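Numbering follows the working numbering, with no gaps: position 65 of the sequence shown is 110.
What follows is a single structure, written as structure tokens, with notes after it.
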Amino acid sequence: MSKINKILYKFAYYMFTVSNIEIDDNNRNKNFIFSPFSIHNLLSIIFNGAKGETNEKLKIILSDNCTKNIDCDIVNKDNYVVVNSLINEMKNSNIKLITDNFLFIRKDLSLNEQFINNIMKFYKINFMKFDLDKIQEFLNTINESIAVSTNNLIPNLLSKISPNTNLILVNTLYFKGLWDQKFDRNETKIENFFTGKKMIDVEMMHKKCKFNYYENEKFKACKLNFNGKKFSLTIFLPKEGVNINEVELSMTDSNVFNSLFNKNTERIVNLHLPKFKISLKNNLHEFLKAINLKNLASGDASDLSNMLVKGNLDAVKFEQKAVIEVNEEGTEAAAATSMIGTFMLLPEEHVEMNVNRSFCFSLDYQKDKCTSIPLFMGTINNPIN
Numbered sequence: 046m047s048k049i050n051k052i053l054y055k056f057a058y059y060m061f062t063v064s065n066i067e068i069d070d071n072n073r074n075k076n077f078i079f080s081p082f083s084i085h086n087l088l089s090i091i092f093n094g095a096k097g098e099t100n101e102k103l104k105i106i107l108s109d110n111c112t113k114n115i116d117c118d119i120v121n122k123d124n125y126v127v128v129n130s131l132i133n134e135m136k137n138s139n140i141k142l143i144t145d146n147f148l149f150i151r152k153d154l155s156l157n158e159q160f161i162n163n164i165m166k167f168y169k170i171n172f173m174k175f176d177l178d179k180i181q182e183f184l185n186t187i188n189e190s191i192a193v194s195t196n197n198l199i200p201n202l203l204s205k206i207s208p209n210t211n212l213i214l215v216n217t218l219y220f221k222g223l224w225d226q227k228f229d230r231n232e233t234k235i236e237n238f239f240t241g242k243k244m245i246d247v248e249m250m251h252k253k254c255k256f257n258y259y260e261n262e263k264f265k266a267c268k269l270n271f272n273g274k275k276f277s278l279t280i281f282l283p284k285e286g287v288n289i290n291e292v293e294l295s296m297t298d299s300n301v302f303n304s305l306f307n308k309n310t311e312r313i314v315n316l317h318l319p320k321f322k323i324s325l326k327n328n329l330h331e332f333l334k335a336i337n338l339k340n341l342a343s344g345d346a347s348d349l350s351n352m353l354v355k356g357n358l359d360a361v362k363f364e365q366k367a368v369i370e371v372n373e374e375g376t377e378a379a380a381a382t383s384m385i386g387t388f389m390l391l392p393e394e395h396v397e398m399n400v401n402r403s404f405c406f407s408l409d410y411q412k413d414k415c416t417s418i419p420l421f422m423g424t425i426n427n428p429i430n
């Protein structure tokens with residue numbers, strides 16, 4: 046596994062673990078989805094404009110604590126290679142994948158030349174200036190741009206813009222893939238799904254065929270490939286009596302994915318999987334604090350002065366909207382991440398995997414036999430919510 050892929054893998058699962066720890070009891074039984082890839086991309090852009098302690102904290106996060114020889118040039122080039130690898134893979138398959146970056150800045154402000162050169166070169170930024178006197182027009186322009194980039198899965202990223210807004214950075218990620226082995230719609234039936242102490246009716250899809258399959262004392266995991274087999278959706282189902290949180294915390298084990306991506310783990314699986322479509326808006330401030338980016342999350346303590354010719358920039362709002370739909374044909378997902386600144390081996394017989402209770406998922410890009418990059422991750426407690 047290359048260094049950048051290892052960093053992206055560890056970042057994704059660390060973030061997934063931290064995010065679930067941060068969820069309070071009131072939201073514990075709700076659905077959860079986010080895109081670690083999109084967040085990493087946005088933080089990499091911000092790294093180019095950070096100075097002082099903000100720069101040092103980002104360096105640790107973006108380099109997996111290997112800060113000795115890490116600088117913006119290395120981070121930028123590594124991200125450029127990964128994104129281009131994803132785009133090239135898409136060209137050779139029936140996968141549709143789009144990632145865009147947007148920078149909206151107040152018309153009377155000037156960006157640091159090195160900052161703008163770096164982000165234009167490595168991140169292909171869509172750059173626009175705005176006039177706060179035409180705030181509604183500007184808001185419409187932003188939301189329309191994000192809607193196009195996400196195939197209208199995220200039509201309204203922002204509901205309003207503060208008059209104090211100086212700059213808005215957005216990364217988008219859109220994915221659409223058809224299953225390598227589609228589910229038969231005629232086999233989809235209304236069945237029970239257990240969410241907490243309640244039982245609800247869901248549309249349950251059925252497929253009995255060979256899947257990459259892994260099982261341990263806590264959970265079963267099944268990998269569903271998309272066309273081309275470079276992208277996949279992995280379902281993690283807790284065993285009876287095991288709490289979903291235990292599964293979430295154990296998903297960071299790379300041995301699980303090494304097993305799932307090994308052809309020797311193919312088994313005939315009788316899979317029951319509910320159709321689901323969920324969307325979620327995540328405030329990323331608590332996550333940033335949890336990964337030791339407290340100064341970036343607190344706004345006035347951040348140093349983003351390398352973005353502008355004059356003055357500093359307060360990062361006051363970090364959010365992500367994420368959407369995913371899974372059905373008989375395949376999966377469609379999108380995310381938009383924004384920063385708003387103001388100044389086990391098994392017997393050969395088939396196995397049963399009935400996903401009729403809370404489960405986790407990870408939508409991944411398999412670069413090679415040893416490399417998996419999570420694009421979207423989440424937990425489903427209620428498929429019809």
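Just so you know, even glycine gets a beta-carbon here, dropped at the ideal spot from N, CA and C.
None of the values given here were measured: they were computed from a predicted structure.
(request) Name the residue from P319, F183, I187 and V287 whose alpha carbon lies nearest to the alpha carbon of N237. (result) Your numbering for residue 237 matches position 192 in the sequence shown. Taking only the C-alpha atoms, the option nearest N237 is P319.
(request) Have a look at K334 and N340 and give me their C-alpha separation to the nearest angstrom. (result) If you number the sequence shown from 1, residue 334 lands on position 289. If you number the sequence shown from 1, residue 340 lands on position 295. The C-alpha of N340 is placed about 8 Å away from the C-alpha of K334.
(message) Here's the rule: buried if 16 or more other CB atoms are within 10 angstroms of the residue's CB, otherwise exposed. What is N209?
(response) The residue labelled residue 209 in the question sits at position 164 within the sequence shown. Looking at its Cβ environment, which holds fewer than 16 other Cβ atoms inside 10 Å, N209 is exposed.
(request) Give the single residue among K104, D246 and N124 whose Cα lies nearest to the Cα of I418. (result) Translated into the one-based positions of the sequence shown, residue 418 becomes position 373. Checked all of K104, D246 and N124; the closest Cα to I418 is N124.
(message) Excluding the 5 residues flanking T112 on each side, which residues of the same chain have their C-beta closer than 7 Å to its C-beta?
(response) The residue labelled residue 112 in the question sits at position 67 within the sequence shown. Because the pLDDT of T112 is 49, which lies under 50, any placement of that residue in the model is unreliable, and the number read from its coordinates should be weighed accordingly. If we look at T112 and ignore the five residues flanking it on each side, its Cβ neighbours are K104 and I105.
(message) Contact between the region 221 to 237 and the region 250 to 260 is defined here as three or more beta-carbon pairs at a separation below 8 Å; is this criterion met?
(response) Judged by pairs of C-beta atoms under 8 Å, the region 221 to 237 touches the region 250 to 260, as three or more such pairs exist.
(message) With the cut-off set at 8 Å, would you say G375 and F271 are in Cβ contact?
(response) Locating residue 375 in the sequence shown gives position 330, where the first residue counts as 1. Locating residue 271 in the sequence shown gives position 226, where the first residue counts as 1. Yes, they are a contact pair.
(request) Please list the segments of the beta strand (DSSP E) lying wholly inside the region 69 to 103, counting only runs of 3 or more residues, in order along the chain. (result) Whole beta strand (DSSP E) segments, 3+ residues: 77 to 79.
(request) Would you kindly work out how many angstroms separate the C-alpha atoms of N100 and F92, rounded to a whole number? (result) Looking up residue 100 in the sequence shown gives position 55. Looking up residue 92 in the sequence shown gives position 47. Their backbone Cα atoms lie some 6 Å apart in a straight line.
(request) Mind checking which residues open and close the alpha helix (DSSP H) that includes M296? (result) Position 251 of the sequence shown holds residue 296. Counting along the chain, M296 falls outside any alpha helix (DSSP H), and DSSP gives it neither H nor E.
(message) For N399 and N157, I'd like the C-alpha separation in whole angstroms.
(response) As a first step, residue 399 must be located in the sequence shown, where it is residue number 354. As a first step, residue 157 must be located in the sequence shown, where it is residue number 112. Whole-angstrom Cα-Cα distance: 55 Å.
(request) Could you tell me the distance, in whole angstroms, from the CA atom of C405 to the CA atom of S108? (result) Indexing the sequence shown from 1 puts residue 405 at position 360. Indexing the sequence shown from 1 puts residue 108 at position 63. Linking C405 to S108 through their CA atoms gives a straight-line distance of about 27 Å.
(request) Check whether the Cβ atoms of F160 and M352 sit closer than 8 Å, and answer yes or no. (result) Mapped onto the sequence shown, residue 160 falls at position 115. Mapped onto the sequence shown, residue 352 falls at position 307. Taking the C-beta atoms as reference points, M352 is found nearer than 8 Å to F160.
(request) Spatial neighbours of M389 within its chain, please: CB distance less than 6 Å, with the 5 preceding and 5 following residues excluded, ordered by chain position. (result) In the sequence shown, counting from the first residue as 1, residue 389 sits at position 344. With a pLDDT of only 42 at M389, under the threshold of 50, the placement of this residue in the model should not be trusted; the figure read from the coordinates follows. Only E260 and N261 meet the Cβ criterion.
(request) With distances taken Cα to Cα, identify the nearest neighbour of Y219 among A381, E373 and E248. (result) Walking along the sequence shown from the start, residue 219 turns up at place 174. Selected option, being the one with the closest Cα: A381.
(request) Kindly confirm or deny that the region 310 to 327 and the region 240 to 248 touch, where touching means at least three C-beta pairs closer than 8 Å. (result) Yes, the region 310 to 327 is in contact with the region 240 to 248.
(message) Let me make sure I understand the geometry here. Which of K179, I213 and S207 has the alpha-carbon closest to that of I191?
(response) Mapped onto the sequence shown, residue 191 falls at position 146. Among K179, I213 and S207, the Cα nearest to that of I191 is on I213.
(request) Determine the closest residue to G273 out of E364, L203, I78 and L223, with distance taken between C-alpha atoms. (result) Here residue 273 refers to the residue found at position 228 of the sequence shown. G273 has its Cα closest to that of L223, out of E364, L203, I78 and L223.
(message) Spatial neighbours of M60 within its chain, please: C-beta separation below 6 Å, excluding the five flanking residues on both sides.
(response) One-based indexing of the sequence shown puts residue 60 at position 15. When the five nearest sequence neighbours on each side are left out, the beta carbons in the same chain lying within less than 6 Å of the beta carbon of M60 are those of P81, in order along the chain.
(request) Between the Cα of N139 and those of K221, F167 and T186, spot the shortest distance and give me the residue it belongs to. (result) Translated into the one-based positions of the sequence shown, residue 139 becomes position 94. Here the closest residue by C-alpha is K221.
(request) Determine the DSSP secondary structure at L391, reduced to helix, strand or coil. (result) Counting from 1 along the sequence shown, the entry for residue 391 is found at position 346. Reliability fails at L391, whose pLDDT of 41 lies under 50, so the model's placement of it is uncertain and the value that follows must be treated cautiously. If DSSP states are grouped into helix, strand and coil, L391 belongs with coil.
(request) Take the Cβ of K205 as the centre, count every other Cβ of all protein chains shown within 10 Å, and call the residue buried at 16 or more, exposed below. (result) Taking the sequence shown and counting its residues from 1, one reaches residue 205 at position 160. Exposed.
(message) Following a CB-centred definition, is S204 positioned closer than 7 Å to any heavy atom of the ligand MN?
(response) With respect to the ligand MN, the structure shown offers nothing to examine, as it has no ligands at all.
(message) Just verifying my parser: in three-state terms, what is the DSSP assignment at K234?
(response) Taking the first residue of the sequence shown as 1, we reach residue 234 at position 189. The answer is strand: DSSP assigns K234 an E or B state.
(message) Can you tell me whether D70 is buried or exposed? The criterion is at least 16 other CB atoms within 10 Å of its CB, across all chains shown.
(response) The count along the sequence shown starts at 1 and reaches residue 70 at position 25. For D70, the predicted structure reports a pLDDT of 49, less than 50, and the residue's modelled location is therefore unreliable. A value from the coordinates is still provided. Residue environment: D70 is assigned as exposed (fewer than 16 neighbouring CB atoms within 10 Å of its CB, all protein chains considered).
(message) If you measure between the beta carbons of N146 and N162, is that distance less than 8 Å?
(response) The residue labelled residue 146 in the question sits at position 101 within the sequence shown. The residue labelled residue 162 in the question sits at position 117 within the sequence shown. In this structure, N162 does not lie closer than 8 Å to N146 by Cβ.
(message) With H, G and I counted as helix, E and B as strand and the rest as coil, what does DSSP make of D178?
(response) In the sequence shown, counting from the first residue as 1, residue 178 sits at position 133. Note: D178 maps to helix in three-state DSSP.
(request) Give me the Cβ distance between T424 and F56, rounded to the nearest whole Å; I'm assuming they're in contact under 8 Å. (result) Within the sequence shown, numbered from 1, the residue matching residue 424 stands at position 379. Within the sequence shown, numbered from 1, the residue matching residue 56 stands at position 11. Beta-carbon to beta-carbon, T424 and F56 are separated by about 18 Å, too far to satisfy the 8 Å threshold.
(message) Need the endpoints of the beta strand (DSSP E) that L269 sits in, please.
(response) Against the sequence shown, residue 269 aligns to sequence position 224. Residue range F264 to N270 is occupied by the beta strand (DSSP E) that includes L269.
(request) Would you mind reading off the limits of the beta strand (DSSP E) that contains I245? (result) As a first step, residue 245 must be located in the sequence shown, where it is residue number 200. I245: member of the beta strand (DSSP E) spanning K243 to E260, first to last residue.
(request) Say whether chain D places a C-beta atom closer than 8 Å to the C-beta of M296. (result) Protein chain content of the structure displayed is limited to a single chain, and chain D is not contained in it.
(message) Per DSSP, what are the beta-bridge partners of H330 in this structure?
(response) Within the sequence shown, numbered from 1, the residue matching residue 330 stands at position 285. According to DSSP, H330 shares a beta bridge with no other residue.
(request) Can you say whether F332 is buried or exposed, counting buried as having 16 or more other CB atoms within 10 angstroms of its CB? (result) The residue you call residue 332 lines up with position 287 of the sequence shown. Answer is buried; the Cβ neighbour count reaches 16.
(message) If I measure Cβ to Cβ from S347 and keep anything under 6 Å in the same chain, skipping five residues before and after, which residues do I get?
(response) For the purposes of this step, residue 347 is taken as the residue at position 302 of the sequence shown. T99, N340, L341 and A360, listed in sequence order.
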